[in-house]
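Using this note's numbering, the first residue of the sequence shown is number 43, and each one after it goes up by one.
Note that beta-carbon positions come from the ideal geometry of N, C-alpha and C, so glycine has one too.
To start, the structure itself, in structure tokens.
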Amino acid sequence: MKNNLLHILRPFGQEHLLTFWDALTLEQQQHLAAQIEAIDFQQLAKFYANRNHPTRTLELADKSADPYGYKFSSVKSTSRCFARKPITTLEAINAGNAALAGTLSQGKVGAILVAGGQGTRLGFNHPKGLFPIGVVAGTLLIQIHFEKILAVSRRVGFNIPLAIMTSPATHIEITDVLEKNNYFGLDKADVFIFCQGTMPTLNESDGKILLELRHSISLNPDGHGGMLAAMIKKQVDKNLSVIEFFKNRGVKYLYYNQIDNPLAQTCSPEFLGYHILSNSEFTTQVIRKKDPTEKCGNVVRIGESLYMIEYMELPDAIARRINSDGSLHIWAGNTAIHAFNLDFLERMSKLPDVLPFHTARKKTTFVDVNTGIINKPTTPNAVKFERFIFDLLPFADNAIVVEVDEANHYAPLKNESGAVTHSPEHVQLQMLNQHTSWLKAAGAIVAPNTLIEISPLFADSEEIVIKKIKPGTIFNSPTYLRTNNNEI
Ligand code: UTP
Numbered sequence: 043m044k045n046n047l048l049h050i051l052r053p054f055g056q057e058h059l060l061t062f063w064d065a066l067t068l069e070q071q072q073h074l075a076a077q078i079e080a081i082d083f084q085q086l087a088k089f090y091a092n093r094n095h096p097t098r099t100l101e102l103a104d105k106s107a108d109p110y111g112y113k114f115s116s117v118k119s120t121s122r123c124f125a126r127k128p129i130t131t132l133e134a135i136n137a138g139n140a141a142l143a144g145t146l147s148q149g150k151v152g153a154i155l156v157a158g159g160q161g162t163r164l165g166f167n168h169p170k171g172l173f174p175i176g177v178v179a180g181t182l183l184i185q186i187h188f189e190k191i192l193a194v195s196r197r198v199g200f201n202i203p204l205a206i207m208t209s210p211a212t213h214i215e216i217t218d219v220l221e222k223n224n225y226f227g228l229d230k231a232d233v234f235i236f237c238q239g240t241m242p243t244l245n246e247s248d249g250k251i252l253l254e255l256r257h258s259i260s261l262n263p264d265g266h267g268g269m270l271a272a273m274i275k276k277q278v279d280k281n282l283s284v285i286e287f288f289k290n291r292g293v294k295y296l297y298y299n300q301i302d303n304p305l306a307q308t309c310s311p312e313f314l315g316y317h318i319l320s321n322s323e324f325t326t327q328v329i330r331k332k333d334p335t336e337k338c339g340n341v342v343r344i345g346e347s348l349y350m351i352e353y354m355e356l357p358d359a360i361a362r363r364i365n366s367d368g369s370l371h372i373w374a375g376n377t378a379i380h381a382f383n384l385d386f387l388e389r390m391s392k393l394p395d396v397l398p399f400h401t402a403r404k405k406t407t408f409v410d411v412n413t414g415i416i417n418k419p420t421t422p423n424a425v426k427f428e429r430f431i432f433d434l435l436p437f438a439d440n441a442i443v444v445e446v447d448e449a450n451h452y453a454p455l456k457n458e459s460g461a462v463t464h465s466p467e468h469v470q471l472q473m474l475n476q477h478t479s480w481l482k483a484a485g486a487i488v489a490p491n492t493l494i495e496i497s498p499l500f501a502d503s504e505e506i507v508i509k510k511i512k513p514g515t516i517f518n519s520p521t522y523l524r525t526n527n528n529e530i
């Protein structure tokens, strides 16, 4: 077996993977051999050679124009996005609600939550979805998302089916927590857990594949774009693919959220309505950038198609361009909240290379093959190859953006405690600000520095808080508002 493996590895300079071979048990050898046999070494060598070439070119950024789109009525800024056809807020909300309630003749809504990332920047010892983010009750990120789906389902009178994507790095822990907590109130039959694929992680300086253990290759999840390939695979335990799961439920529109953003509004009727009424196959929520070089994806239009240009692939001079009124030329920052038509995703999933691989530089723990010792680097040492779901934008018919306000939609947990933005404290402050502002809008009196956390089951919008909280109610100690039946 060893000689056969050497035969595979030698042409690509990856023989170091067998450094510990002779000391492994038979079972460990079989595990390592299976991993090696599953790798496309030629593809990997090509990706490594191209690692410094961005997939988006200067030319692409240079031609960019304002995307077509709409904005939420709550957005105060003067946005430069142009509707292809007029749709009023009320029309959008009505269409979205009809699809959510399953009464829109064109189809129903399903939700998809991606939770496969390794969360390397956060440095938390568990999947990011299990981070206790709630300021009063320490509610887990995943619970907030599940309760939002439950709240919407109860409101519209239709159980929104949910698919949640895990990866080998997160699957067991997430599944355990869901089982132990009875799916946070959702019906287990309405939840489809599926696991994404992986890519080998390489040492940045020489392209050698890293070993996670002496008998195991370091594999990273293949990016949130890995969702596309994972959606058409039949899950062994259910004999069903994600696409089939949704089709069986009559779903036509998918609402996509990422686990790390507790402010993401799940299944917003207004957002869905713009998507449906404009016949868009892929609609994405954006926020107005405050700074030209903000570290976020940038949605632009080139010709009739929308593209997402990652910040590291956007030349500085182009990012800094301004319009005659002083506003940023490239202004639409990615929130990673999308709506897709299910048949669009199905069509795209049949094109295996539709999504390119991007290179990310991350810290990765590895076994030093010279010493056998586990090394935990403090700076990025590895390259990972990942696919991004937003690269489907240019392939979608009538793709649009919908501008939303950051304070109510976007607070992703990315960085470790102490970082200036997207740290646990920063996200908690954004959640606290939102919940406090809802209470104040209801006429409540919130004493300074009072910690407030509102479960989506109590209220998932200002409107509902206004209906439930009496003007003059005083909050002067830490308060967690949660009911299990959508009543006070
Ligand atoms: P990020 O790109 O921020 O990655 O993911 P991450 O894993 O959370 O964190 P870092 O970059 O390692 O620090 C954004 C969202 O996409 C999901 C994550 O779970 C998160 O919700 N994701 C990311 C996946 O589901 N799979 C992946 O392969 C990557």
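Put simply, the backbone Cα of Gly161 is about 12 Å away from that of Pro454.
For Ile379, the closest alpha carbon among the candidates Leu314, Phe226 and Val342 is that of Leu314. Annotated three-state conformation of Tyr112 is strand, per DSSP.
Within 10 angstroms of the beta-carbon of Asp248 lie fewer than 16 other beta-carbons, which makes it exposed. Collapsing the DSSP output to three states places Ile487 in a strand. Spatial neighbours of Val151 in its own chain (CB-CB distance under 7 Å, excluding positions within 5 residues in sequence) are listed in chain order as Ala141, Leu142, Ile202, Val293, Tyr295, Tyr297, Cys309 and Leu314.
Within the DSSP secondary-structure output, Gly368 pairs in no beta bridge.
In terms of Cβ geometry, Leu192 and Gly227 form a close pair [threshold 7 Å]. In this structure, Asp302 has its CB closer than 6 Å to one or more heavy atoms of the ligand UTP. The beta carbon of Asn139 lies closer than 7 Å to those of Val198 and Pro311 in the same chain, with the five residues before and after it left out.
Between Ala424 and Glu246 a beta carbon distance of about 6 Å is seen, short of the 8 Å cut, so the two are scored as contacting. When Cβ pairs closer than 8 Å are counted between the two stretches, the stretch 439–447 is seen not to touch the stretch 392–412, the count staying below three. Distances from the alpha-carbon of Phe386 to those of Arg291, Ile496, Lys426 and Ile431 put Ile431 closest. Comparing C-alpha distances from Gln470 to each of Gly180, Ile214 and Arg343 shows the shortest one belongs to Gly180. DSSP places Pro174 in the strand class (E or B) of the three-state scheme. A residue is called buried once 16 or more other Cβ atoms fall within 10 Å of its Cβ, and Met43, having fewer, is exposed. Boundaries of the alpha helix (DSSP H) around Val507: Glu504 to Lys510.
Annotation for Gln160 indicates a beta carbon within 6 Å of some heavy atom of the ligand UTP.
One thing to note: Asp433 has its Cβ within 7 Å of the Cβ of Leu397. Between the alpha carbons of Ile516 and Ile508 lies a distance of about 14 Å.
In this structure, Ser209 lies near Gln238, with their beta-carbon atoms less than 7 Å apart.
Each residue's CA atom was taken as its position, placing Glu79 and Asn457 some 35 Å apart. Under the three-state reduction of DSSP, Ile344 is assigned to strand. At least one heavy atom of the ligand UTP sits closer than 6 Å to the Cβ of Met207. Straight-line spacing of the CA atoms in Tyr522 and Ala484 works out to 16 Å.
By the Cβ criterion, the stretch 44–57 is in contact with the stretch 82–89, since at least three pairs of Cβ atoms, one from each stretch, lie closer than 8 Å. The beta-carbon separation of Ile235 and Leu384, rounded to 18 Å, does not stay under the 8 Å limit for a contact.
Taking a C-beta distance under 7 Å as the contact criterion, Phe124 and Tyr110 qualify as a contact pair.
Uninterrupted alpha helix (DSSP H) stretches at least 4 residues long and entirely within the stretch 248–278 occur at 268–273, given in chain order.
Of all alpha-carbon atoms in Lys418, Val233, Asn136 and Glu428, the one lying nearest the alpha-carbon of His317 is that of Asn136.
By DSSP's assignment, Asn299 forms a beta bridge with Leu155. No Cβ-Cβ contact shorter than 7 Å links Thr240 with Leu252. Going by DSSP, Arg389 is part of the alpha helix (DSSP H) stretching over Leu384 to Ser391.
Around the CB of Ile351, 16 or more other CB atoms lie within 10 Å, so the residue is classed as buried.
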